Amino acid sequence: MAHCILKIALDTPLNAVFDYRWTCEDIDRPQVGQFALVSFARREMMGLIVEIADHSDVPADKLKDALAVRTQLSPVSKQWLALAGFAADYYQRPLGEVALPGVPKNVRVPKSVPLDNALKKLAKLPDSHDPTPHNMPVLNAQQQAAADFIGQANGYQPVLLYGVTGSGKTEVYLQACAEVLAREADGQILIMVPEINLTPQLEGNIRARFPGVMLATLHSSLSEGERMLHWLAAHTGRARIVLGTRLAILASLPHLKLIVIDEEHDPSYKQQEGLRYSARDLAVWRAWQLKIPIVLGSATPSLETWHHAQAGRYTLLPLRERAVKSAVLPQVKLIDMERDKPRDGLTSSLVAALKLRMERGEQSLLFLNRRGYSPVICCESCGWVSDCKRCTSFMVLHKGEYKLRCHHCSLEMRIPRHCPTCGNIDLQPVGRGTQRVEEGLQAMFPEARILRIDADSTRRKGSAQEAFDTVHRGDVDILIGTQMVAKGHDFKKLTLVGIMNPDTALFSQDYRASERLFAQLMQVAGRAGRAGQAEGGSAAEVLIQTRYMQHPLYSAVVSHDYDRFASSLLQERQQAALPPYLFQALLRAEAPELANALAFLAQARDCVEHPGVTINDPIPMSMTRVHNVDRAQLLVESPSRPALQAFLREWMHVLRDMKTRVKWSLEVDPLDI
1 MAHCILKIAL
11 DTPLNAVFDY
21 RWTCEDIDRP
31 QVGQFALVSF
41 ARREMMGLIV
51 EIADHSDVPA
61 DKLKDALAVR
71 TQLSPVSKQW
81 LALAGFAADY
91 YQRPLGEVAL
101 PGVPKNVRVP
111 KSVPLDNALK
121 KLAKLPDSHD
131 PTPHNMPVLN
141 AQQQAAADFI
151 GQANGYQPVL
161 LYGVTGSGKT
171 EVYLQACAEV
181 LAREADGQIL
191 IMVPEINLTP
201 QLEGNIRARF
211 PGVMLATLHS
221 SLSEGERMLH
231 WLAAHTGRAR
241 IVLGTRLAIL
251 ASLPHLKLIV
261 IDEEHDPSYK
271 QQEGLRYSAR
281 DLAVWRAWQL
291 KIPIVLGSAT
301 PSLETWHHAQ
311 AGRYTLLPLR
321 ERAVKSAVLP
331 QVKLIDMERD
341 KPRDGLTSSL
351 VAALKLRMER
361 GEQSLLFLNR
371 RGYSPVICCE
381 SCGWVSDCKR
391 CTSFMVLHKG
401 EYKLRCHHCS
411 LEMRIPRHCP
421 TCGNIDLQPV
431 GRGTQRVEEG
441 LQAMFPEARI
451 LRIDADSTRR
461 KGSAQEAFDT
471 VHRGDVDILI
481 GTQMVAKGHD
491 FKKLTLVGIM
501 NPDTALFSQD
511 YRASERLFAQ
521 LMQVAGRAGR
531 AGQAEGGSAA
541 EVLIQTRYMQ
551 HPLYSAVVSH
561 DYDRFASSLL
571 QERQQAALPP
581 YLFQALLRAE
591 APELANALAF
601 LAQARDCVEH
611 PGVTINDPIP
621 MSMTRVHNVD
631 RAQLLVESPS
641 RPALQAFLRE
651 WMHVLRDMKT
661 RVKWSLEVDP
671 LDI
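Here the sequence shown is numbered in full-length UniProt numbering, starting from 1 and rising by one per residue.
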């Protein structure tokens, strides 16, 4: 019997591939990119074949036999393996930790029954390869020029579709997709959105436009069975369009011809656990690898993307006007909270504007990026506050559930009847969350139909879409929401946006805070007036309550001047030697005691030297303690990406050999420092 050696990547922290023996004839020889079942550490695991060799350096008596190969499933492409390899190398993680988690669990289970059943179910679905688009609206000149450029692009062509809110970026995507589908007989398109709640609206638009094309969706809210079926539809090429969140960038798409990243600036594209990858950055690399166009769309591009466009590395396609002729950008006004003192968090100017919209049958949105009833409760007698026992944070009051909850470790406790320190029964909520604003509005406007949309009100599966459908039907007068409502949604009757308490972000220690606040304000402001002004209706208006009327960030928001604001921030970043003019990596350490985490980082700082790389001193993280674990960090910087990557490879090799009980992790290109 002939034998071959399968080199298999497994989902383990060990930075290696593992050799297994396989008895085979040429007729059934496994292929690179197929999945194989093996025994590892006394359990059965599914791995990915990354190489097939004739011999192994492992002694024959130590070699194990592979148990099975998933021959019923076609192998992933060499290009997909290269993508996983690049991500593993760039983000300094084992190949198996990158390649395997992106594959549905039901493909990776030891038993083949779920996979076989899914393949049978997929085979029964009707073929749908008619790319003819339905109900194509007429585009304005800028939209048409952008759609033609993208649809006719050849080779690697990164494009920044920079369009003001309501400029019709989605329609540009769809018409460009129509050209690609018509031209490429089996071509596939990947469209990515930053959050799950943005998928239903876009999915509906795609299905209505391309009823003859199979669409697959990939996001974390799918059941395991649904995710496997959609992944297989993409992997087999049956799905011509794949719509998903950041995990979709690691989907197997053998005929990928176009990538679209909507709201490319959104930090949700950065994975914050495990493999801390940027889906947007991997998408750009994947487009370069496959020599295909990629579209990055946003009204407020990230500074990194804007910098690339200004330097000519990305083609800039601007959309300066709203798609609906009668829809103009909303007028943004600042309300001075020093003069117009708020009552229940609302100034008299904002209350009057809400009342006017209700009288005209129009909708209003109040934006407050803080859920719960109030951020903290306190005792005015002794100064006690509701600190979390496990984190360096406060426990948030959730009045309706009569609980205090930590939004970092999820610790919950009943609201105390009296102060735990002095016994005072008069405990007071401090500050406002969305629940408290909702309560105040119900008392102020008892006849109003008020709806709150945040992470608390949409915990049940499908509840977020139900809530948004209610708004779209016009069954809501005042919508209260967090960042969930700030982007991507097209509310036809919404003419007023009120923004509460944005000032706290002005004084954050995070150098990205002003960039994020500006994007957030511009995005939520863009929800107003998208359908145009009806006869006798209100002009779209955005009211921002602030105590800092003269702040330049608010001036840029009032004038809708992203270009000037971004240029100013880039100049500041260049002078301060910060990204995108500098490249960074962050080593984090966790331990029961802060001293142990800092000691490990100090040892890590001194173990390797490299020219052109600056290793800063270890410091506690801004939120030092989470879930009874102390956290510290060490920042590494370099003006050269290749120099930083060369250092990280050497550094990780040394760190993996260090004996320590401290849990540590590395993040390349960190967003939060």
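Cβ coordinates follow ideal geometry from the N, Cα and C atoms, glycine included.
Keep in mind it's a predicted model, so treat the numbers as computed, not measured.
Query, Result
"Beta-carbon proximity of residue 675 to Asp630, cut-off 8 Å", "Lying before the first or after the last residue shown, residue 675 is absent from the chain, which here runs from 1 to 673."
"Contact set for His58: own chain, Cβ-Cβ below 8 Å, skip 5 residues either direction", "According to the sequence displayed, residue 58 carries Val and not His. Correct list, in chain order: Asp19."
"Whole-number beta carbon distance between Ala66 and Leu37, since they are thought to touch under 8 Å", "7 Å"
"CB of Pro194 within 8 Å of CB of Ala287, strictly", "no"
"Integer-rounded CB distance, given that Gly297 should sit under 8 Å from Val260", "7 Å"
"Length at least 3, wholly inside the stretch 192 to 265: the beta strand (DSSP E) runs in chain order", "215 to 218, 241 to 244, 256 to 262"
"Contact between the stretch 478 to 488 and the stretch 453 to 468 (3+ Cβ pairs under 8 Å)", "yes"
"N-terminal and C-terminal residue of the alpha helix (DSSP H) that Phe583 is part of", "Run containing Phe583: none in the alpha helix (DSSP H); it sits in the beta strand (DSSP E), 583 to 591."
"Between the CA atoms of Ala602 and Phe647 - distance to the nearest angstrom", "17 Å"
"Nearest-angstrom beta carbon gap, Leu329 and Val164 [assumed within contact, 8 Å]", "6 Å"
"The stretch 545 to 559 / the stretch 510 to 528 touching (three or more Cβ pairs under 8 Å)", "yes"
"Residue span of the beta strand (DSSP E) that contains residue 717, given as start and end", "Any property of residue 717 remains undetermined from this structure, which presents the chain solely from 1 to 673."
"Cα-Cα separation between Pro101 and Glu179, rounded to whole angstroms", "33 Å"
"Test item: CB-CB of Ala632 and Met623 under 8 Å", "no"
"Presumed contact (8 Å Cβ cut-off) between Gly166 and Lys291, rounded CB distance", "33 Å between Cβ atoms; not a contact."
"Close beta carbons around Met484, own chain, < 8 Å, minus the five adjacent residues each side", "Glu195, Asn197, Ile453, Asp454, Ala455, Thr458, Ala464"
"Delimiting residues of the alpha helix (DSSP H) encompassing Tyr562", "562 to 576"
"contact_flag[the stretch 68 to 86, the stretch 197 to 211] where n(CB pairs < 8 Å) is 3 or more", "no"
"8 Å contact criterion, which Val242 and Gln188 should meet: CB distance rounded", "7 Å"
"Between the CA atoms of Gly612 and Leu232 - distance to the nearest angstrom", "45 Å"
"Nearest neighbour of Pro94, chosen from His653, Ile673, His408, Met658 [CA to CA]", "His653"
"Glu535 versus Met358 - alpha carbon distance", "Low confidence applies here, because Glu535 scores a pLDDT of 48, under 50, leaving its location unreliable; read the following figure in that light. Cα to Cα, the separation comes out at about 16 Å."
"Contact between the stretch 541 to 549 and the stretch 337 to 354 (3+ Cβ pairs under 8 Å)", "yes"
"Closest by C-alpha distance to Ile499, when choosing among Gln571, Ile619, Val332", "Val332"
"As assigned by DSSP and simplified to three states, the class of Lys403", "strand"
"CB of Arg414 within 8 Å of CB of Lys399, strictly", "no"
"Simplified DSSP state of Tyr91, which is helix, strand or coil", "coil"
"Span of the alpha helix (DSSP H), counted from its first residue to its last, around Lys120", "113 to 124"
"Through-space distance from Asp340 to Ser348, alpha-carbon basis", "7 Å"
"Separation of Ala182 from Asp672, as counted between CA atoms", "42 Å"
"Selection from Pro670, Glu609, Lys663, Lys659 that minimises the alpha carbon distance to Glu650", "Glu609"
"Reduced DSSP secondary structure (H/G/I, E/B, other) of Ser381", "coil"
"Pick from Phe583, Leu125, Lys257 that is closest to Ala153, judged by C-alpha positions", "Lys257"
"Buried or exposed by the 16-neighbour rule on C-beta atoms within 10 Å, applied to Val437", "buried"
"8 Å contact criterion, which Leu218 and Leu247 should meet: CB distance rounded", "6 Å"
"His134 versus Gly212, Trp80, Asp561, residue with shortest Cα-Cα distance", "Gly212"
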